[in-house]
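These notes concern the structure reproduced below.
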Amino acid sequence: MYNHQEIEKKWQEIWARERVYQTKTDQSKPKYYILDMFPYPSGAGLHVGHPKGYIATDILARLKMMQGFNVLHPMGFDAFGLPAENYAIKNKLHPKIATDENIATYKRQLSILGFSYDWDREVSTIDPEYYKWTQWIFLQMYKRGLAFESNEPINWCPSCKTGLANEDLEDGKCERCSTPVIQKPLRQWVLRITDYADRLLDDLDKLPGWEDSIKEMQRNWIGRSEGAEVDFKIKDSEQKIKVFTTRIDTIFGCTYIVVAPENSLVTELKEKIENWSEVALYIEECQSKTDLQRTDLNKEKTGVCLKGVKAINPFNQEEVDIFIADYVLNSYGTGAVMAVPAHDERDFAFAKKFGTRIKAVIFPDEQSEYEGKGAYIADGLLRNSGEFTGLSSPVARQEMIAYLEKNNLGAKKVNFKIKDWVFSRQRYWGEPIPLIHCPQCGVVPVPEEELPLLLPEVKSYEPTDTGESPLALISDWVQTTCPQCGGPAKRETNTMPQWAGSCWYYLRYIDPHNDQALVDKGLEKYWSPVDFYVGGAEHATRHLIYARFWHKFLFDIGVVNYEEPFTKLQHVGLIMGEDGRKMSKRWGNVINPDEIVSQYGADALRVYEMFMGPFDQACNWNTNGLIGVRKFLEKVYNLGELDNFQEVKEVKSLLHKTIKKVSADIESFCFNTAVSALMILVNEIVEVKNKISALPLTKEDFFKLLQILSPFAPHISEELAESLGYTGSIFASTWPQYDENLIKDEKINLVIQVNGKLRATLLASAEITEEAALELARQEKLVSKWLTDKEIVKVIFVPGKLLNIVVK
RNA sequence: GCCGCGGUGGCGGAAUUGGUAGACGCGCUGGACUUAAAAUCCAGUUGUAGCGAUACAGUGCGGGUUCGAUUCCCGCCCGCGGCACCA
647 MYNHQEIEKK WQEIWARERV YQTKTDQSKP KYYILDMFPY PSGAGLHVGH
697 PKGYIATDIL ARLKMMQGFN VLHPMGFDAF GLPAENYAIK NKLHPKIATD
747 ENIATYKRQL SILGFSYDWD REVSTIDPEY YKWTQWIFLQ MYKRGLAFES
797 NEPINWCPSC KTGLANEDLE DGKCERCSTP VIQKPLRQWV LRITDYADRL
847 LDDLDKLPGW EDSIKEMQRN WIGRSEGAEV DFKIKDSEQK IKVFTTRIDT
897 IFGCTYIVVA PENSLVTELK EKIENWSEVA LYIEECQSKT DLQRTDLNKE
947 KTGVCLKGVK AINPFNQEEV DIFIADYVLN SYGTGAVMAV PAHDERDFAF
997 AKKFGTRIKA VIFPDEQSEY EGKGAYIADG LLRNSGEFTG LSSPVARQEM
1047 IAYLEKNNLG AKKVNFKIKD WVFSRQRYWG EPIPLIHCPQ CGVVPVPEEE
1097 LPLLLPEVKS YEPTDTGESP LALISDWVQT TCPQCGGPAK RETNTMPQWA
1147 GSCWYYLRYI DPHNDQALVD KGLEKYWSPV DFYVGGAEHA TRHLIYARFW
1197 HKFLFDIGVV NYEEPFTKLQ HVGLIMGEDG RKMSKRWGNV INPDEIVSQY
1247 GADALRVYEM FMGPFDQACN WNTNGLIGVR KFLEKVYNLG ELDNFQEVKE
1297 VKSLLHKTIK KVSADIESFC FNTAVSALMI LVNEIVEVKN KISALPLTKE
1347 DFFKLLQILS PFAPHISEEL AESLGYTGSI FASTWPQYDE NLIKDEKINL
1397 VIQVNGKLRA TLLASAEITE EAALELARQE KLVSKWLTDK EIVKVIFVPG
1447 KLLNIVVK
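Each residue of the first sequence is one higher than the last, beginning at 647 in this note's numbering.
Here it is in structure tokens:
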């Protein structure tokens, strides 16, 4: 009887005792670094969805081990973050205590799944020895001018007097008290990721191992767009409005200007604006909207005309109105646009609502007229455009930019959608930012030898009612002396965002106990870069861009020797509940892996999660499916109880085909078809066994079957290999090779079609010629009846596969 | 709204480059074994018509390209992930 509990416990103890998975570092062998996105240890523990990616990397790690690689396959915890802090606030408990408990739970839950992690290399982002280096990297960025202070808005609940995460908002209102949230500017630290925008974009082309969809998302996130900045003079004033446009060719159709409500220009023009009270009211309304709400193409456009001021189009000297409207964002481009309603959909919708003029200047050809229905947004030929009339859009763009530059009215400009990274949080549970504010010397870094700057103990974890971090209330921590002049100074009280720790953890695993690992780099050369990185698609943009940014910075300062951290990237699809919804306490559809492991076994859970569907696709949990996999493992176990072996040629051939398929499918992450191939092999063995009352394989071949099963189901494979008489771990054995001669088929099913419709499949030699195939087909009644009284127009022959006879 | 991904039997899914649609698993139906049940084994299982051989239809919807389309192109519908302070 297959007693999974006994077997799994036994082998997990042996693996730990014999240190089977200790990372080997003799550099004579090739290396393979397989990385999981490390988890945030939440209080809810693991559900069956979490380990899906870990099972996949474990299978790959075990394959690579058996293929003779030194494998680095570590695990750790990304442990700073809001949930632990919220838990601490609610329960008046130090977040470290809750986090440590959660980590212990996660480790216990992971350990019973039989992973090959080398726990000697565990890292945790909240460990001061770890965040010392997070702080160190930040300081290097600061010293090179990549970190700067800026007033940036946070979500502010005026009633709770607290900053809120986007997640804590409901419909733009505070989740707790339903007060509309406003955008309150606060002094923040910001990282100049935009300095790296071009490299982050261009180097995507150097990553053939990344999925195209994720590269595409990153390209769009970085959002490079080429255009021009143009100065519109304000009438009777020295002031100018600078606008950014990618469609300078439409500028003769500009009928007004739109400025973002929060653009400082608006307050600068206050004296001239005749309807200031109306304008001020609109600006206030905008404070409660998110960018997402503001830029929704479908929503009703809102805005206010600034009465009493006009701007002048530098190309035709026309006077145009100036509006403020929330569909223009201050954070993109110059915070102002020229509006061309005839050639831009948002401008068109706005113009219709506010009754502004619509002037068409781009036409698909010389004859067409503009009918006033919607915007014509494509390129075309210019009309009514002064000296540029008659040019095509692309040519006009070049010549108009040249005109701007010649006359000092503007210039060519590349803009990025990516914004500089607001890197501070007014929170407790994060890495302290190691900077000091000195009234004499300004901002001074904490000296590197004083790192880590420890997170101090506080009485209350709540943000203060000024919006500052709770650290601001600990005056004996805040008050310090300036490292430069020795005078009294204050510490920075903001902390880093959760993303910080995950930007470089893959480097820490390489040498986790060496305090100088980042600066002395012996092993880094051997293990880097990460060969295979697996994690959720939700990280496609932020984490993966942030980590690439930090890595490029570390490359620039000589800490790492290569420009991209992750050679191959694969995203994992979610496991949903049986009801098709995300697993969540709220829906009561959470499946706990502990119960599944105890009832059906870790091997069954592992094989099932790989069998459920394509690895990168979301899939619903189904316990019946798991039972099917369990039955498959029982069949394998029962085969192991036989001790008479009798080789059968067909079975041997199928074994070799399966070795080929499983090896290839693991490398390409097609685990579902690999498991299916293993099931087909085992079914065949069972069927033949029932006929001949012996195992239709040699002992050596049965061991090969166990080897190709072992990455998926390591415990049962070890157990059966042992009872077969093999000593030592199966994972120390060499992955089997398939024999090309054994997998060749002599006969094939040749598909015969008439006019593309299947009419017969005929058994034929794999080498059959077109003539012979046609002759064979004519003799077959099922085919010939479709050929009578018809003329053969064409014959299509795909050797070894198909014959299609086209008749009339 | 914008960006990315997906839609195939009763269900999860397979079809490696445009070449037999439905592998494998679940479920269901029938049978063997059993006093009986469970377990196991065997057979069947896209729909329609037919005793059957077989024929026709069929991969979200509507068009197109092709000897041939689940696969490529155009236009829609629906679901999922992300949208910068959840990680």
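Cβ coordinates follow ideal geometry from the N, Cα and C atoms, glycine included. As the structure is a computational prediction, the values presented were derived from the model and not from experiment.
Output yes or no for whether 8 Å exceeds the beta carbon distance between residue i and residue j.
{"i": "A1367", "j": "N1290", "result": "no"}
{"i": "Q1353", "j": "I1389", "result": "no"}
{"i": "L718", "j": "T771", "result": "no"}
{"i": "W856", "j": "L1215", "result": "yes"}
{"i": "V1253", "j": "V1321", "result": "yes"}
{"i": "V769", "j": "Y1155", "result": "yes"}
{"i": "S645", "j": "G1286", "result": "For the chain, the structure presents residues 647 to 1454; residue 645 sits outside this window and is missing."}
{"i": "S1039", "j": "D895", "result": "yes"}
{"i": "V876", "j": "L1055", "result": "yes"}
{"i": "Q1211", "j": "A1193", "result": "Here residue 1211 turns out to be Pro, not Gln, going by the sequence shown. Yes, the pair counts as a contact, with Cβ atoms nearer than the cut-off."}
{"i": "T1304", "j": "L1327", "result": "yes"}
Which residue comes first and which comes last in the alpha helix (DSSP H) that contains residue i?
{"i": "H1217", "result": "Counting along the chain, H1217 falls outside any alpha helix (DSSP H), though it belongs to the beta strand (DSSP E) covering L1215 to V1218."}
{"i": "Q658", "result": "H650 to E664"}
{"i": "S1411", "result": "Note, S1411: premise wrong, no alpha helix (DSSP H); beta strand (DSSP E) at K1403 to S1411."}
{"i": "G699", "result": "P697 to M712"}
{"i": "M787", "result": "P774 to K789"}
{"i": "D766", "result": "Unbroken run through D766: none, as it is neither H nor E."}
{"i": "Y1179", "result": "Counting along the chain, Y1179 falls outside any alpha helix (DSSP H), though it belongs to the beta strand (DSSP E) covering F1178 to G1182."}
{"i": "P729", "result": "L728 to N737"}
Leaving aside the five residues before and after residue i along the sequence, list all residues of the same chain whose C-beta is less than 7 Å from its C-beta, in chain order.
{"i": "L1097", "result": "K778, Q781, W782 and P1080"}
{"i": "E1224", "result": "N1235, N1266, W1267 and N1268"}
{"i": "L785", "result": "P1080, P1091 and E1094"}
{"i": "P774", "result": "P1098 and L1100"}
Could you name the residues of the same chain whose beta carbon sits closer than 6 Å to that of residue i, not counting the 5 residues immediately before and after it, in chain order?
{"i": "K1136", "result": "H1083 and V1124"}
{"i": "P1357", "result": "I705, R708 and L709"}
{"i": "I929", "result": "P907"}
{"i": "A1163", "result": "D1157"}
Write down the C-beta distance between residue i and residue j rounded to the nearest angstrom, noting that I regard them as a contact closer than 8 Å.
{"i": "G699", "j": "V1218", "result": "4 Å"}
{"i": "L1119", "j": "Y1074", "result": "Not quite, the Cβ-Cβ distance comes to about 10 Å (not below 8 Å), so this is no contact."}
{"i": "P687", "j": "Y733", "result": "Their Cβ separation, rounded to whole angstroms, is 12 Å, which puts P687 and Y733 out of contact at 8 Å."}
{"i": "N962", "j": "G1032", "result": "6 Å"}
{"i": "L1028", "j": "G1020", "result": "The pair is not a contact, with the Cβ atoms about 19 Å apart (cut-off 8 Å)."}
{"i": "V1297", "j": "V1334", "result": "6 Å"}
{"i": "V889", "j": "M984", "result": "5 Å"}
Please classify residue i: does DSSP put it in a helix, a strand, or coil?
{"i": "R992", "result": "helix"}
{"i": "G1274", "result": "helix"}
{"i": "V876", "result": "strand"}
{"i": "V1060", "result": "strand"}
{"i": "I1312", "result": "helix"}
{"i": "E1392", "result": "coil"}
{"i": "D682", "result": "strand"}
{"i": "S1430", "result": "helix"}
{"i": "W922", "result": "helix"}
{"i": "A1089", "result": "It is worth fixing the name first, because residue 1089 is Val in this sequence and not Ala. It is a strand residue."}
{"i": "E930", "result": "helix"}
{"i": "E821", "result": "coil"}
{"i": "L692", "result": "coil"}
{"i": "M863", "result": "helix"}
{"i": "Q673", "result": "coil"}
{"i": "D967", "result": "strand"}
{"i": "V1003", "result": "Strictly speaking, residue 1003 in this sequence is Arg, with Val absent from that position. The answer is coil: DSSP assigns R1003 none of H, G, I, E or B."}
{"i": "N1053", "result": "coil"}
{"i": "E1364", "result": "helix"}
{"i": "C803", "result": "strand"}
{"i": "I1237", "result": "coil"}
For the beta strand (DSSP E) containing residue i, name the first residue and the last one.
{"i": "I887", "result": "K886 to T891"}
{"i": "T1035", "result": "Note, T1035: premise wrong, no beta strand (DSSP E); not H, not E."}
For residue i, which residues of its own chain have a beta-carbon under 8 Å away from its beta-carbon, when the five flanking residues on both sides are left out?
{"i": "G1259", "result": "G1219, C1265 and N1318"}
{"i": "I1312", "result": "I705, L706, L709, A1320 and P1357"}
{"i": "K881", "result": "V955, K956, A957, I958 and E965"}
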